[in-house]
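Beneath this line is the structure, given in structure tokens, with notes to follow.
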Amino acid sequence: MTDQIPTDDLPFPHRHLLGTQNLSRDDIQRILDLSEGYVDHNRQRGNRRLDLAGRTQINLFFENSTRTLTSFELAGKRLGADVINMNTEVSSTKKGETLIDTAMTLNAMHPDILVVRHPASGAVALLSQKVDCAVVNAGDGKHEHPTQALLDALTIRRRLHRLEGLKIAICGDVAHSRVARSNIHLLNTMGARVRVIAPPTLLPTGIAQLGVETYTDMRAGLEDVDVVMMLRLQRERMTGSFLPSVREYYHFYGLDHEKLAFAKDDALIMHPGPMNRGVEIDTDVADDIHRSVIREQVEMGVAVRMAVLELLTPKYGNGAPV
Ligand code: NCD
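The sequence shown begins at 60 in our numbering and counts up one residue at a time.
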């Protein structure tokens, strides 16, 4: 089985993965095709490979994370890389070192890949300009989270066998969501029709310029969609009062079976996690074994991250432009 994963030795035309905005259709297809092989591979026991043997991957997370950090760690280890998780709670950043100084320090240790999560939008791109290795954005503020959009696309493609022409609703706290932004770029590039549904206070200004239809009513927005992507209410990023109450939010925007009935009968239910049951999603809907693919998203995450790590660490160095 291991041998059936297509080897991909062509140069990947990007040195870093900072977002989905600059990925072409070919880039996205290539990442998804390579990921497919890893999905099968990961379902077997003894699934360690040696593609990244001798390579060093440092995961530098300045924000809490459960699934993304674990997923990147597993992905690197399954490819045989030496993986180090930098705990910023105990690192020098807590002693006042700047992000760039931390990056330069790590750079001096010659890693091959830095996987970075940071609360400030644009911080990961800035860091990528200061280091010699490949940088993967694991989420920067409200900006982008490219591997989440790629794993979402893989999940949809495996279930519905295409992305083109699908109607996809992204619902909830769009204003604070890097997941929404990365998904909008990727899905538009792949020819899907994206809608966002949110209360007016959680719709970022200029959202229509990203090429989406906007709705403030769940029932109207969910009409006839193929995929319903729910977002967490990111209260940690809210600086003012965006909502009257969580109860009212659930009433109007929480996904339950009654609202879901407006979507196609076999519409997929997705959520990047962590989920707030009873806030943006009803427990029965989240656990609906026929329609919820939330666990599958987590599984696809490891495969997609393996593909990304492999493409950004080509065997003969990465001379690709940024
Ligand atoms: C998302 C994130 O961190 O942006 N989570 C994730 O990566 N799985 C979404 C969220 O925190 O709500």
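We put the CB at the ideal spot given by N, CA and C, even for glycine. Everything numeric in this text was worked out from a predicted model, so none of it was measured.
**Asked** Which runs of the alpha helix (DSSP H) spanning at least 4 residues fall entirely within the segment 323 to 350, listed in chain order?
**Response** 342 to 345
**Asked** By Cβ distance, which residues of its chain are closer than 8 Å to ASP86, with the 5 residues on each side in sequence left out?
**Response** For this step, residue 86 is matched to residue 27 along the sequence shown. Result list for ASP86: PHE71, PRO72 and HIS73, in chain order.
**Request:** Provide the residue(s) that pair with ILE143 in DSSP beta bridges, ordered along the chain.
**Result:** On the sequence shown, residue 143 is found 84 positions in, with the first residue counted as 1. ILE143 pairs with ILE117.
**Request:** Determine the direct distance from the alpha carbon of VAL183 to that of LEU128, and round the result to whole angstroms.
**Result:** Here residue 128 corresponds to residue number 69 of the sequence shown, with the count starting at 1. Here residue 183 corresponds to residue number 124 of the sequence shown, with the count starting at 1. C-alpha separation (whole angstroms): 16 Å.
**Message:** Taking the straight line between their C-alpha atoms, what separation do you get for ARG176 and VAL98?
**Reply:** Within the sequence shown, numbered from 1, the residue matching residue 176 stands at position 117. Within the sequence shown, numbered from 1, the residue matching residue 98 stands at position 39. When rounded, the distance between both Cα atoms is 24 Å.
**Request:** Using three-state DSSP, classify HIS177 as helix, strand or coil.
**Result:** On the sequence shown, position 118 is the one that residue 177 refers to. The answer is strand: DSSP assigns HIS177 an E or B state.
**Asked** How many Å lie between PHE311 and ILE256 at the Cα?
**Response** As a working mapping, residue 311 is identified with position 252 in the sequence shown. As a working mapping, residue 256 is identified with position 197 in the sequence shown. PHE311 and ILE256: Cα-Cα distance of roughly 11 Å.
**Proximity of VAL338 and GLY313 at Cβ, strictly below 8 Å** = As a working note, residue 338 is residue 279 in the sequence shown. As a working note, residue 313 is residue 254 in the sequence shown. Yes, Cβ-Cβ distance for VAL338 and GLY313 is below 8 Å.
**Message:** Restricting to runs no shorter than 4 residues, where is the alpha helix (DSSP H) found entirely within the segment 202 to 256?
**Reply:** 205 to 219 and 237 to 248
**Asked** Can you pull the DSSP bridge partners for MET288?
**Response** Within the sequence shown, residue 288 is the residue found at index 229, counting from 1. DSSP lists ILE229 and MET329 as partners of MET288.
**Prompt:** Got a sec: does the ligand NCD put a non-hydrogen atom nearer than 7 Å to the Cβ of MET127?
**Reply:** For the purposes of this step, residue 127 is taken as residue 68 along the sequence shown, with counting starting at 1. The identity of residue 127 in the sequence shown is Thr, whereas the question assumes Met. Flag set: Cβ of THR127 near the ligand NCD.
**Asked** Do you know offhand how far THR206's Cα is from ARG306's?
**Response** The sequence position of residue 206 within the sequence shown is 147, counting from 1. The sequence position of residue 306 within the sequence shown is 247, counting from 1. THR206 and ARG306: Cα-Cα distance of roughly 32 Å.
**Asked** VAL367 to GLY96, Cα distance in whole Å?
**Response** Your numbering for residue 367 matches position 308 in the sequence shown. Your numbering for residue 96 matches position 37 in the sequence shown. Cα to Cα, the separation comes out at about 13 Å.
**Residue burial classification, GLN116 (beta-carbon count within 10 angstroms, cutoff 16)** = The count along the sequence shown starts at 1 and reaches residue 116 at position 57. That one is buried.
**Asked** If we call anything under 8 Å between Cβ atoms a contact, is VAL93 one with GLU369?
**Response** As a first step, residue 93 must be located in the sequence shown, where it is residue number 34. As a first step, residue 369 must be located in the sequence shown, where it is residue number 310. Just to set this straight, residue 93 is Leu in the shown sequence, not Val. In contact: LEU93 and GLU369 (Cβ atoms closer than 8 Å).
**Request:** Using three-state DSSP, classify LEU185 as helix, strand or coil.
**Result:** Your numbering for residue 185 matches position 126 in the sequence shown. DSSP places LEU185 in helix when its eight states are reduced to three.
**Request:** Thinking ASN144 and ASN118 are a contact (beta carbons under 8 Å), I'd like their distance in whole angstroms, please.
**Result:** By 1-based counting over the sequence shown, the position of residue 144 is 85. By 1-based counting over the sequence shown, the position of residue 118 is 59. Contact holds; Cβ gap of about 5 Å.
**Message:** Here's the rule: buried if 16 or more other CB atoms are within 10 angstroms of the residue's CB, otherwise exposed. What is GLU348?
**Reply:** To locate residue 348, count along the sequence shown from 1; it is residue 289. Before going further, note that residue 348 is Ile rather than Glu in the sequence given. So ILE348 counts as exposed.
**Request:** Kindly give me the distance between the Cβ atoms of THR147 and PHE121, rounded to whole angstroms, as I take these residues to be in contact under 8 Å.
**Result:** Within the sequence shown, the letter at position 88 stands for residue 147. Within the sequence shown, the letter at position 62 stands for residue 121. Yes, they are in contact, since the Cβ atoms of THR147 and PHE121 sit about 5 Å apart, within 8 Å.
**Prompt:** In three-state DSSP terms, what is GLU282?
**Reply:** Counted from its first residue, the sequence shown places residue 282 at position 223. Correct three-state label for GLU282: coil.
**Request:** Determine the burial state of LEU186: buried for a count of at least 16 other Cβ atoms within 10 Å of its Cβ, exposed for fewer.
**Result:** As a first step, residue 186 is located in the sequence shown; it is residue number 127 there, counting from the start. Its Cβ being crowded by 16 or more others within 10 Å, LEU186 is buried.
**Item:** Own chain, CB closer than 8 Å to ILE243, minus 5 neighbours either side, in chain order
**Value:** In the sequence shown, counting from the first residue as 1, residue 243 sits at position 184. Excluding residues within five positions, the ones whose Cβ falls inside 8 Å are ILE229, VAL253, VAL255, LEU269, GLY270 and VAL271.
**Request:** Note down, in chain order, each residue of its chain lying with its Cβ closer than 6 Å to the Cβ of ALA162, except the 5 sequence neighbours on either side.
**Result:** Stepping through the sequence shown from its first residue, residue 162 is reached at position 103. Closer than 6 Å at the Cβ level, and outside the excluded window around ALA162, lie LEU186, LYS189 and VAL190.
**Asked** Taking the C-alpha atoms as reference points, what is the distance between VAL194 and PHE321?
**Response** By 1-based counting over the sequence shown, the position of residue 194 is 135. By 1-based counting over the sequence shown, the position of residue 321 is 262. Each residue's alpha carbon lies about 41 Å from the other.
**Request:** Output yes or no for whether 8 Å exceeds the beta carbon distance between ALA326 and ARG350.
**Result:** For the purposes of this step, residue 326 is identified with residue 267 of the sequence shown, where counting begins at 1. For the purposes of this step, residue 350 is identified with residue 291 of the sequence shown, where counting begins at 1. Contact flag set, yes.
**Message:** One question on the structure: do ARG364 and ALA134 come within less than 8 Å of each other, judged by their Cβ atoms?
**Reply:** By one-based count along the sequence shown, residue 364 stands at place 305. By one-based count along the sequence shown, residue 134 stands at place 75. Going by C-beta atoms, ARG364 is nearer than 8 Å to ALA134.
**Asked** Who are the near neighbours of ALA234 in its chain, counting only those whose CB is closer than 6 Å to its CB and skipping five residues on each side?
**Response** Numbered from 1 along the sequence shown, position 175 holds the residue referred to as residue 234. Around ALA234: LEU261 and PRO263.
**Supposed contact pair LEU222 and GLY250 - C-beta distance, whole angstroms, cut 8 Å** = Translated into the one-based positions of the sequence shown, residue 250 becomes position 191. Translated into the one-based positions of the sequence shown, residue 222 becomes position 163. Indeed they touch by this definition, with Cβ atoms about 7 Å apart.
**Asked** Whose CA, out of LEU209, PRO178 and MET277, lies closest to the CA of MET297?
**Response** The residue labelled residue 297 in the question sits at position 238 within the sequence shown. Taking only the C-alpha atoms, the option nearest MET297 is PRO178.
**Asked** How is the alpha helix (DSSP H) around THR127 delimited, first residue to last?
**Response** Numbered from its first residue, the sequence shown carries residue 127 at position 68. 126 to 137 is the extent of the alpha helix (DSSP H) around THR127.
**Request:** Measure how close the beta-carbons of ARG107 and ALA140 come, nearest whole angstrom, since I'm counting them as under 8 Å.
**Result:** Translated into the one-based positions of the sequence shown, residue 107 becomes position 48. Translated into the one-based positions of the sequence shown, residue 140 becomes position 81. Actually they do not touch by this definition, with Cβ atoms about 10 Å apart.
**Prompt:** If you measure from the CB of GLY200, is any heavy atom of the ligand NCD nearer than 7 Å?
**Reply:** Counting from 1 along the sequence shown, the entry for residue 200 is found at position 141. For the ligand NCD, not one heavy atom lies less than 7 Å from the Cβ of GLY200.
**DSSP-derived helix/strand/coil call for LEU69** = Residue 69 sits at position 10 when you count from the first residue of the sequence shown. Residue state, collapsed to three classes: coil.
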